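In the numbering used here, the protein residues as written are 415 to 943.
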């Protein structure tokens, strides 16, 4: 196996040749001159290459530096170049670091000296190199050392999100320490979100205590609200409440923080704690808003669905009466909570009645309201009403919400209730609305058609996906037994009896008749003396 620097030089030569040949092909006016330059360059590189093999790998770095100074690379600013550069960078980051003695930063400086990084390139590279691990720290160092690139709050947040997905908070510390003074609100939000989603509330609180000193983030009421919201969204309301009470002398909580705390207890489905906190807030002079009451309403409905669905409407009515007594207005989210929970206990008719009465409180349905009702109507096999609700949603101005994801959910419900014909009708409507079906949509329909033993229709869908450029792979789908064709049972013709068989059958029958007239002995009990 040749030495490793020799491989790097060879890669560099190939990149140089491809770049020079691209230059010669792109210029039509001076094609002859460019071709001669390409030939000269190829000869020079060949001589240098043989000289390098004779002299050994020690001269590799010197020749590499000379070539990098003498050769100018050509790069475009189009999307294709960004994608190709991202793929090349990701491939380099995903390589085994033990196979190359050079650190990743040096390798990137040598191989990608012609690349001018931008935020799009950084994001694409990080998305493509999800398994690179801490090698990405070298990528960050390369960006810092690149004179054509300057970190921003957005680009640092990309690295925080990357390491947060891997729960590598030591690497996040290194990124934030090197980006001190540049990081802003977006990076702070990403950091707080990653701590909360990873289940590290204690570390998040300690980070909040030291973030101004260590990373230059400002501690104010906005940052406290951010921490409280993320803790409550992920089910750590107790930590959030303790933090708010400890910092009350420094930052007095407002109504938004109080609503977030109540919502956090409701996310944990601890209704008693939420009511206790609401009572403390009322005694402290705070007034709960519609957001807090919507959270309480949703919590009550969820608990009733788990324990006793028949009490859902009565318990929800108590919350609504309390809202009216306190003077808290209802909004569309209030109705969405009620309609959603009614649909989940299969009370679609009651949900529709509530939908028609929304105007009495000055509320109008939004896209979420329509989607909830459409899915519930399809689940109840009321396909005609579901189609009418789609048309009504489109006429209400929410056609943009009928995207590929929404249609896939409709198709999944229809296939689940064995309404494959209507699913194909909705699928045709999906294509008519301009939504391009994806792999999951085609796979769902083909699997259901094959289960119903409608192979011709499944094959036509497969061919359609191939024409549209959807990379659908053929699979072995199983036909359900009730739709499988049963093999025809051939009737066995009755053979004519032979004379001995006929005589034997007659004797058996005569014996049965003769025995039927025999008097059966009676079982009498002996008298005990």
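Cβ atoms here follow ideal geometry from the backbone N, Cα and C, with glycine treated the same way. Model, not experiment: these values are computed from the prediction.
Just to check my reading of the structure: residue i and residue j have Cβ atoms closer than 8 Å, yes? What is that Cβ distance to the nearest angstrom?
i           : j           : result
residue 713 : residue 749 : With a Cβ gap of about 17 Å, residue 713 and residue 749 do not count as contacting.
residue 726 : residue 755 : 6 Å
residue 535 : residue 496 : 5 Å
residue 897 : residue 867 : 4 Å
residue 642 : residue 702 : 16 Å between Cβ atoms; not a contact.
residue 625 : residue 614 : 14 Å between Cβ atoms; not a contact.
residue 674 : residue 715 : Contact doesn't hold; Cβ gap of about 20 Å is too wide.
residue 602 : residue 637 : 7 Å
residue 521 : residue 514 : 7 Å
residue 518 : residue 549 : 5 Å
residue 644 : residue 606 : 5 Å
residue 542 : residue 500 : 6 Å
residue 506 : residue 525 : 7 Å
Suppose contacts are defined by Cβ-Cβ distances below 9 Å. Is residue i in contact with residue j by that definition?
i           : j           : result
residue 781 : residue 812 : yes
residue 836 : residue 887 : no
residue 753 : residue 704 : no
residue 676 : residue 695 : yes
residue 611 : residue 577 : no
residue 569 : residue 553 : no
residue 829 : residue 790 : no
residue 671 : residue 719 : no
residue 820 : residue 785 : yes
residue 831 : residue 880 : no
residue 840 : residue 825 : yes
residue 600 : residue 563 : no
residue 574 : residue 544 : no
residue 547 : residue 582 : yes
residue 815 : residue 807 : yes
residue 838 : residue 871 : yes
Using the three-state DSSP reduction, which class does residue i fall into: helix, strand or coil?
i           : result
residue 767 : helix
residue 684 : coil
residue 861 : helix
residue 607 : helix
residue 584 : helix
residue 814 : helix
residue 359 : In this structure the chain extends from 415 to 943, so residue 359 is not present and cannot be described.
residue 560 : coil
residue 576 : helix
residue 612 : coil
residue 725 : helix
residue 397 : What the structure shows of the chain is the stretch from 415 to 943, and residue 397 is not part of that stretch, so it cannot be assessed.
residue 624 : helix
residue 511 : helix
residue 824 : helix
residue 595 : coil
residue 931 : coil
residue 707 : helix
residue 855 : helix
residue 601 : helix
residue 484 : Residue confidence is low: residue 484 scores 33 on pLDDT, short of 50, so the model does not pin down where it sits. No coordinate-derived value is stated.
residue 838 : helix
residue 503 : helix
residue 566 : coil
residue 632 : coil
residue 458 : Annotation note: pLDDT 39 at residue 458 (below 50); position unreliable, no value reported.
Take residue i as the anchor and find which of the options has the nearest alpha-carbon.
i            : options               : result
residue 773  : 800, 626 and 744      : 744
residue 710  : 721, 594, 729 and 698 : 729
residue 688  : 651, 664 and 719      : 651
residue 631  : 594, 582 and 654      : 594
residue 818  : 708, 659, 852 and 558 : 852
residue 864  : 883, 834 and 882      : 834
residue 699  : 666, 680 and 678      : 666
residue 683  : 648, 663, 661 and 807 : 648
residue 892  : 805, 862 and 551      : 862
residue 1004 : 763, 762, 919 and 810 : Any answer about residue 1004 is impossible in this case: the structure gives the chain only from 415 up to 943.
residue 664  : 678, 913, 635 and 717 : 635
residue 803  : 777, 775, 770 and 903 : 770
residue 559  : 591, 523 and 571      : 523
residue 762  : 736, 735, 799 and 746 : 799
So, does the CB of residue i fall closer than 9 Å to a CB anywhere in chain D?
i           : result
residue 737 : Going by chain labels, chain D is absent from the structure shown, which holds only one protein chain.
Quiz item: Which full runs of the alpha helix (DSSP H) of 4+ residues lie inside the stretch 777 to 809, going along the chain?
Solution: 781 to 793 and 797 to 809
Self-check item: Start-end ranges of the alpha helix (DSSP H) lying completely within the stretch 735 to 769, minimum 4 residues
Solution: 746 to 758
Practice problem: May I have a chain-ordered list of the alpha helix (DSSP H) segments no shorter than 4 residues that lie completely inside the stretch 635 to 677? | Solution: 635 to 647 and 651 to 660
Practice problem: Could you name each continuous alpha helix (DSSP H) segment of 4 residues or more that falls completely within the stretch 859 to 928, going from the start of the chain to the end? | Solution: 869 to 882
Practice problem: Identify every run of the alpha helix (DSSP H) within the stretch 521 to 555, keeping only runs that are complete inside it and at least 4 residues long; order them along the chain. | Solution: 533 to 542
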